[in-house]
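Written below as structure tokens is the structure these notes are about.
2 protein chains.
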Amino acid sequence: MKLVILSGGLDSVVLLHWVLANSESNADVDTIMFDYGQKHKKELVYAKYWTQLFNLGSMVYDLNGMFHDSALLGDRAMPYNDEDMSPTVVPGRNMVFISVAASRAMADGYSSIYIGTNKDDRKVYPDCRFTFLEGMATALYKASEGKVSLEYPFANMTKKQIVELGMQLNVDFDKTWSCYLGGDKQCGVCGACQSRIKALS
Amino acid sequence: MKLVILSGGLDSVVLLHWVLANSESNADVDTIMFDYGQKHKKELVYAKYWTQLFNLGSMVYDLNGMFHDSALLGDRAMPYNDEDMSPTVVPGRNMVFISVAASRAMADGYSSIYIGTNKDDRKVYPDCRFTFLEGMATALYKASEGKVSLEYPFANMTKKQIVELGMQLNVDFDKTWSCYLGGDKQCGVCGACQSRIKALS
């Protein structure tokens with residue numbers, strides 16, 4: 001059994017399609033989602049759309065109050081360009097996400113955890129870099145006595161390349177959410193929207 | 202600033218004394234505690250005793266419902282000897298504890314996280330082994346861009362050696378809690394009690 005960390009964003013939705021395409025049955029794939037007080041909590045609506053469409057097992061962890069010091073949380077102002085997206089770093093987010101997924105994977109007998117970090121995000125987000133992911137993979141492998149692996153198949157792909165892969169897999173990108181503001185429509189101005197628009201253009 | 206993961210058990214209480222003894226001021230040391238639905242939640246009473254005695258900053262995270270598949274949680278029967286303590290493993294516990302402490306350390310500017318895992322526990326608990334801790338240390342160092350380190354100074358010490366160190370540091374062991382049952386008194390029979398008794402004898 002595989003456990004996919006799913007946000008409802010473009011990368012993780014393509015990842016989910018890719019994992020399903022590489023599995024014998026949808027019954028081999030479950031998803032794990034996190035409500036952590038993100039301003040763009042709306043992304044979870046899209047995550048759930050996919051789990052329902054594919055009839056996947058899913059779990060949502062409530063991590064409200066877990067994270068601190070990020071423009072993605074609470075009332076802090078959001079940066080409006082992709083020159084300096086560092087205020088949108090959520091310290092420890094992927095470390096906690098992977099660890100929580102790991103605890104569940106070990107308890108319930110999953111053999112692998114998938115996370116959809118991409119190459120473009122490495123510059124700003126330290127927890128999307130290879131050395132970080134390798135450390136977590138080592139820790140998980142050891143903690144599980146070799147039973148659970150951490151997989152990050154997109155870590156060396158640009159968002160543009162992920163979109164191309166998604167097109168091959170017939171992903172409906174309209175059913176993904178990127179905008180950090182979480183309004184009625186995706187704003188098209190925030191860093192996440194700009195990154196999305198560039199990749200889709 | 203240093204952040205010590207404190208359970209109220211023998212190892213982490215000695216660790217706290219040791220960190221304080223190696224710090225310029227008690228104001229340089231804070232503690233982080235976890236309520237995760239452990240049967241021996243009573244350990245936190247002892248953890249709080251020490252934070253109050255030393256006037257330390259402290260935080261308690263509520264992780265009830267986070268972990269699964271352990272005799273330390275819920276109604277599952279507890280093993281009554283130290284031959285097979287494996288049912289008391291809490292899958293992913295130290296991985297999540299370190300990651301949550303990491304997220305807080307990065308957000309609030311701590312420079313190091315201390316965890317009191319010992320050599321004896323390596324046999325049964327995979328998340329007390331060096332290779333696991335090294336993986337987490339690497340991940341934390343990378344996620345924090347070199348700002349936060351993970352320290353496990355007791356990882357190569359037996360519980361007996363930790364007790365000896367505690368005696369040098371004048372630790373009042375009566376103000377520590379080991380028993381997995383969490384009753385009025387420590388039972389003296391469970392694996393945690395037996396390990397404690399052997400180390401103190």
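Heads up: the protein sequence lines correspond to chains A and B, in order.
Each step along the first sequence adds one to the number in my numbering, with nothing skipped, and position 81 is 81.
So my numbering is basically just the index in the second sequence, starting at one, shifted up by 201.
We put the beta carbon where it would ideally sit given N, CA and C, even for glycine.
Partners in chain B for residue i, counting only beta-carbon separations shorter than 7 Å
i	result
A/K142	P327, R330, T332, F333 and G336
A/S99	G293, M296, V297 and S300
Residue i, buried or exposed, once every other Cβ within 10 Å from all chains shown has been counted against 16
i	result
B/M267	buried
A/M85	buried
B/N319	buried
A/S144	buried
A/R129	buried
B/I299	buried
A/E43	buried
A/G109	exposed
B/L207	buried
B/Q253	exposed
A/A77	exposed
B/M358	buried
A/S25	exposed
A/S201	exposed
A/I162	buried
B/M337	buried
B/G384	exposed
7 Å Cβ cut-off: residues of chain A touching residue i
i	result
B/A303	G92 and M95
B/H241	In chain order: nothing, as chain A lies at least about 19 Å away.
B/A340	M95, F132, G135, M136 and A139
B/M307	P91 and G92
Contacts around residue i, its chain only, beta-carbon distance under 7 Å, and the 5 residues preceding and following it disregarded
i	result
A/C127	Residue 127 of chain A is actually Asp in this sequence, not Cys. Hits under 7 Å: R93, N94 and M95.
A/V171	V13, V14 and H17
B/F333	P327
B/P280	A272, M286, P288, T289 and G392
B/A302	L204, I206, I233 and I314
B/F374	L211, G367 and L401
B/F255	L221 and N227
B/R397	L211 and S379
Nonlocal neighbours in the same chain, by C-beta distance under 8 Å from residue i, ignoring five residues either side
i	result
A/V124	M85, S86, T88 and V89
B/D229	M202 and K203
B/S224	K203 and V230
B/G275	G238
A/L169	V14, H17, W18 and A21
B/Y342	V349, S350 and L351
B/K376	V214, Y247, Y250 and W251
A/M193	A quick correction: the sequence has Cys, not Met, at residue 193 of chain A. Here the set comprises S178, C179, Y180, Q186 and C187.
B/M307	A344, S345, K348 and V349
A/P91	F67, H68, D69 and S70
A/D35	K41, L44, V60, Y61, D62, L63 and N64
Spatial neighbours of residue i in its chain, beta-carbon cut-off 6 Å, leaving aside the 5 residues before and after
i	result
B/E352	S313 and Y315
A/Q209	Nothing can be reported for residue 209 of chain A, as the shown portion of chain A is limited to 1 through 201.
A/G57	D30
A/G116	D11, S12, L15 and F154
A/D120	T158 and K159
A/G8	E43, L44, Y46, A47 and W177
A/N64	G37
B/R305	none
Amino acids of chain A, ordered along the chain, whose beta-carbon sits closer than 9 Å to that of residue i
i	result
B/E346	P126
Residue i at chain C interface by Cβ criterion, 8 Å
i	result
A/G65	The structure shown contains no chain C; its protein chains are A and B.
For this session: Report the residues of the segment 51-70 of chain A with a CB closer than 9 Å to any CB of chain B, ordered along the chain.
Result: The residues in question are Y61, D62, G65, M66, F67, H68, D69 and S70.
Problem set entry | Minimum length 4: unbroken alpha helix (DSSP H) runs contained in the segment 231-264 of chain B | Taking only runs of at least 4 residues, the alpha helix (DSSP H) segments lying wholly in the segment 231-264 of chain B are 244-254.
Problem set entry | Entirely enclosed alpha helix (DSSP H) segments - the segment 314-398 of chain B, minimum 4 residues | Counting only runs of 4 or more, we get 331-344 and 360-369.
Problem set entry | Interface positions of the segment 163-181 of chain A facing chain B (Cβ-Cβ less than 9 Å), listed along the chain | Residues passing the 9 Å Cβ filter: none.
Exercise. Using a beta-carbon distance cut-off of less than 9 Å, what residues from the segment 110-124 of chain A approach chain B?
Worked result: Answer set for the segment 110-124 of chain A: empty.
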